[in-house]
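**Student:** Letter by letter, the sequence shown follows residues 1388 to 1774 of the numbering used here. My questions will all concern the structure given below.
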Amino acid sequence: MNVLKPNGQHSQSPVGQVVSMLGRLLLALAIPAIAFYVLYLGFIFLRDSDASRGVIAGVAIVWGVGGVALLYWIFNGLVEAMPDEWTARLQPYVFVGPAMAILSWYLAIPTLRTFWISLFNRDGPPEGLSILQQLSSDAFVGLSNYTAVFTERLMQEAFRNNLMWIIFGSTFSVLFGLIIAVLADRSKFEKIAKSLIFLPMAISFVGASIIWNFIYEFRPVGQPQIGLLNAIVTGLGGQPRAWPQWIEIAPWNNLFLIVIVVWLQAGFAMVLFSAALKGIPNELMEAGRVDGANEFQIFFRIMIPYIRGTIITVWTTIIIFTLKIFDVVWVMTGGQFGTHVIATQFYRQSFTAQNKGFGSAIAIVLLIAVIPVMIYNLKQFREREAF
């Protein structure tokens, strides 16, 4: 029931407000549920179908792209047929609903499934049993896998190495990116310099690792050194080394792997810092120079505070990446010689050792480690509008 206000506008009665709220809630739940069901039907077909790969690929494209687009079109048409007030209220749910269903299907459900598997032994939960039967089976080990994650020797080594990646990888990527951005902005060859520094970002991590494998290439003493680094060392009278595999200096041999990520990520940091630096008002820096500040004082007392939000955002973004680092380590050393990280341990336990429970526990621990940094990153992004 609507009540007429003194100004001629209508307001809903308490009952009408409750009905309106329930309607929006039901639609907000119905749209993701329908979208989820459509995606589920497509998944079942692709999983159980005996059709050729070409047919399956075609169905996947049509179902994954066309199906979602069709859902948007149908729901949007239904909502636009309603009165304008209801259209304005419900239309956001139409566009958010299918997206939430897709995120749930590909992110939330696999995460919950991984956590469930982590509560069981190496074979995972027994098939064909109910949840209660699985919990009462001998395969259920509770949180024992998580205890093993923090007590097993190779996992402790992986945590140590990941800490090194966070400290050195993110710090030097941000530091070099900031220095290059400041210096390049003052050069008449700014565009060329930035293009060259950013160029490694166009290379995949696997490709970059192969390039650096050639740089670190080692041949026994007395043979020609085809690796760039060893060629320089022997040219200066030194002895060649298998640098990343130099187990005698572990864990510091990880630094030879961290260099690769710094080489890749410095360009990413430079581009964002350069954009932020160009947003500093020239009047502000000129006022500092008039007051007698030198270039170092301008850099530390004007530039750094002004782009602090960007620095924090870039830093935390690279920290998230270093927490999940896998490609570089796996291609360069395969985790040998004391270079294992959390992600390589997850791969080794899950796919090499076939220890589903322990591997899933490692994955959940890695997820928990990433989430706080990601939340902080998003919070900084919203508050400071760093980009």
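Note that CB positions come from ideal geometry on N, CA and C, so glycine has one too.
#1: Just verifying my parser: in three-state terms, what is the DSSP assignment at F1576?
#2: Below 8 Å between beta carbons: does that hold for P1631 and T1720?
#3: Inspect the CB distances between the region 1588-1600 and the region 1680-1688 and report whether three or more fall short of 8 Å.
#4: Just checking, does the region 1649-1657 make contact with the region 1558-1566 on the three C-beta pairs under 8 Å criterion?
#5: A1605 by DSSP, collapsed to three states: which one?
#6: Less than 8 Å between C-beta atoms, sequence neighbours within five positions excluded: which residues of the same chain meet that for G1445?
#7: What does a CB cutoff of less than 6 Å around N1463 pick up in its chain, not counting 5 residues either side in sequence?
#8: When you compare each of G1722, A1756, P1607, R1735 to T1703 by their alpha carbons, which one comes out closest?
#9: Are there 16 or more other CB atoms within 10 angstroms of the CB of S1438, so buried, or fewer, so exposed?
#10: Label V1449 either buried or exposed according to how many other C-beta atoms from any shown protein chain fall within 10 Å of its C-beta, with 16 as the threshold for buried.
#11: Tell me whether K1665 is buried or exposed, calling it buried when 16 or more other Cβ atoms sit within 10 Å of its Cβ.
#12: In angstroms, rounded to a whole number, what distance separates the CA positions of K1743 and N1532?
#13: How many Å lie between V1646 and E1604 at the Cα?
#14: So, under 8 Å CB-CB, I1518 and G1511 are touching, yes? Tell me the CB distance rounded to an integer number of Å.
#15: State the CB to CB distance for the pair I1749 and Q1741, rounded to an integer number of angstroms; the pair is presumed to be in contact (CB under 8 Å).
#16: Run through DSSP, which three-state label would F1507 get?
#17: Taking the CB atoms as reference points, tell me whether L1615 and I1602 lie closer together than 8 Å.
#18: Tell me, to the nearest whole angstrom, how far the beta carbon of N1549 is from that of V1760; I am working on the premise that it is less than 8 Å.
#19: Pick helix, strand or coil for F1527, following the three-state DSSP scheme.
#20: Return helix, strand or coil for E1670, following the three-state DSSP convention.
#21: Which whole-angstrom value describes the C-beta separation of Q1767 and L1541, a residue pair presumed to lie in contact below a C-beta threshold of 8 Å?
#22: I need the boundaries of the alpha helix (DSSP H) containing Y1493, first residue and last residue.
#23: So V1608 and P1627 are in contact, right, with Cβ under 8 Å, and what is the actual spacing, rounded?
#24: Which one of L1465, F1537, I1489 has the shortest CA to CA distance from V1452?
#25: Count the other CB atoms within 10 Å of the CB of W1717; is the residue buried (16 or more) or exposed (fewer)?
**Tutor:** Once the coordinates are examined:
#1: Three-state DSSP puts F1576 in coil, outside helix and strand.
#2: In this structure, T1720 lies closer than 8 Å to P1631 by Cβ.
#3: In short, these stretches do not touch, since the Cβ pair count stays below three.
#4: yes
#5: Sequence check: residue 1605 is Phe here, not Ala. F1605 falls in the coil class under three-state DSSP.
#6: none
#7: If we look at N1463 and ignore the five residues flanking it on each side, its Cβ neighbours are V1481.
#8: A1756
#9: Reading off the sequence shown, one finds Ala at residue 1438, where the question assumed Ser. By the neighbour-count rule (16 or more Cβ atoms within 10 Å), A1438 is not buried but exposed.
#10: exposed
#11: Classification for K1665: exposed.
#12: Between the alpha carbons of K1743 and N1532 lies a gap of roughly 10 Å.
#13: 15 Å
#14: That belief does not hold up - the Cβ atoms of I1518 and G1511 are roughly 14 Å apart, past 8 Å.
#15: In fact, because the Cβ distance is near 14 Å, the residues do not count as touching under 8 Å.
#16: strand
#17: A contact, by the Cβ cut-off of 8 Å.
#18: The Cβ separation is near 12 Å, so there is no contact.
#19: strand
#20: helix
#21: The Cβ separation is near 34 Å, so there is no contact.
#22: Neither: Y1493 is in no alpha helix (DSSP H) and is coded neither H nor E.
#23: 6 Å
#24: Residue I1489 is the option with its Cα nearest to V1452.
#25: buried
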